[in-house]
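Peer 1: Numbering (the numbering used here), first residue to last: 27 to 146.
Using N, Cα and C, we set each Cβ at its ideal position, and we do this for glycine too.
The structure is given below, and queries will be raised subsequently.
Right, dumping it as structure tokens:
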């Protein structure tokens, strides 16, 4: 039986009175930008529209900035765009995630080298 090497796992989020910004919200915002729609982004993530909208509104409340701009109906139909603040939030979160991952992986290699064989 093949045993997998020891790996380090972690989750990253930012808090202010509870979880506000994590990988799930950032992914949701990125999908909103891609689809131009909260409902399509939610559907793509197997999430209800209500849940997606709630996550966005909660983050807006705690961050103190608007993250999405919605337009209802009209000739071309409605849609949703990210605010410049949301675009910056996504970029900063991804940069932080990259730096944290680099630090964690390097620290793991330094502290656990030689333990990559199956533990008994």
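Out of 56, 45 and 139, which one is the CA nearest neighbour of residue 93?
Peer 2: Of 56, 45 and 139, the residue nearest in Cα terms is 56.
Peer 1: Using the beta-carbon count (16 or more within 10 Å), is residue 51 buried or exposed?
Peer 2: Classification for residue 51: buried.
Peer 1: For residue 109, does the three-state DSSP call read helix, strand or coil?
Peer 2: Three-state result, residue 109: coil.
Peer 1: If we ignore side chains and look at the alpha-carbon of each, how far apart do residue 106 and residue 139 end up?
Peer 2: Going by the C-alpha atoms only, they are around 48 angstroms apart.
Peer 1: Thinking residue 19 and residue 49 are a contact (beta carbons under 8 angstroms), I'd like their distance in whole angstroms, please.
Peer 2: Limits of the chain in this structure are 27 at one end and 146 at the other, which puts residue 19 out of reach.
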